[in-house]
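Colleague: Can you read through this structure? Questions will come right after.
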Amino acid sequence: MPDQIELKLFLNPTAQTDAEELERLTRQLRQDILDLEVEDVRPLEAAAAQAGAKSGFPVALGALLITTLASSNVLPPLIDLLKSVLEHHSLSSVMLEIDGDKIEVKGNPSRKQQELIKAWMSRHPLILTSGR
């Protein structure tokens, strides 16, 4: 079985975003990410609970755990999806994390941030380009 990679995703709401809207955005984003080349998307703490953490562990609002095959081509379309979501919803940014390596994505990224995103993606080449 090919190696799997886990990406953590954290939505950073604006001051105007209430908990109900953040929950709705998280559910919608989960559905949109499932349309990409991923194995699974679930609330972050719920996934930890299934891996042996205490039962009843709370789910973090606005946090998802994305599981994908190491050979998938998920990063470019995921970044594009996040930029689109940020442009149309009350979120200030989205944080992505792979093995402790984090990048903050904003809706209308500056040239510098685009370069940072490219550098971050290049540090994860197995999920940047398809292994097929």
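All residue numbers for the sequence shown refer to this note's numbering, where the first residue is 240 and numbers rise by one. Idealized CB from N, CA, C, for every residue including glycine.
Beta strand (DSSP E) containing VAL333: first to last residue?
Modeller: Element bounds for VAL333: 330-337.
Colleague: Does GLN352 come out as helix, strand or coil in the three-state DSSP assignment?
Modeller: Helix, per DSSP.
Colleague: Report yes if the C-beta distance between ALA309 and ASP242 is below 8 Å; otherwise report no.
Modeller: Yes, these two residues count as a Cβ contact at 8 Å.
Colleague: Once you ignore the five residues that flank ALA258 on each side, which residues in its own chain have a CB closer than 8 Å to its CB?
Modeller: Correct list, in chain order: LEU300.
Colleague: Just curious, the beta strand (DSSP E) that ARG281 is in, first and last residue?
Modeller: Taken as a continuous stretch (DSSP letters only), the beta strand (DSSP E) holding ARG281 covers 279-282.
Colleague: Could you give the C-beta distance for ILE305 and LEU246, rounded to a whole number, given that I count them as a contact under 8 Å?
Modeller: Going by Cβ atoms, the distance from ILE305 to LEU246 rounds to 4 Å, so yes, they are a contact pair.
Colleague: Among LEU250, VAL277, LYS341, which one has its Cα closest to the Cα of PRO316?
Modeller: Nearest of LEU250, VAL277, LYS341 to PRO316, Cα basis: VAL277.
Colleague: Does the separation of the CB atoms of ASN312 and GLU326 fall below 8 Å?
Modeller: The answer is no: Cβ separation not under 8 Å.
Colleague: Measuring only the C-alpha atoms, how far is ALA288 from ARG266?
Modeller: Here ALA288 scores only 40 on pLDDT, less than 50, and its place in the model should not be relied on; the value that follows carries that caveat. About 19 Å.
Colleague: Let me check understanding here. Comparing Cα to Cα, which of ALA358, GLN353, ILE337 lies closest to ASP319?
Modeller: ASP319 has its Cα closest to that of GLN353, out of ALA358, GLN353, ILE337.
Colleague: Whole angstroms are fine: how far does the CA of THR307 sit from the CA of LEU283?
Modeller: If I take the Cα positions, the gap works out to 14 Å.
Colleague: I'd like the span of the alpha helix (DSSP H) that includes THR253, first residue to last.
Modeller: Careful: THR253 lies outside any alpha helix (DSSP H) and carries neither H nor E.
Colleague: So the candidates are VAL344, LEU314, ARG350; which of them puts its Cα closest to the Cα of SER361?
Modeller: Taking only the C-alpha atoms, the option nearest SER361 is LEU314.
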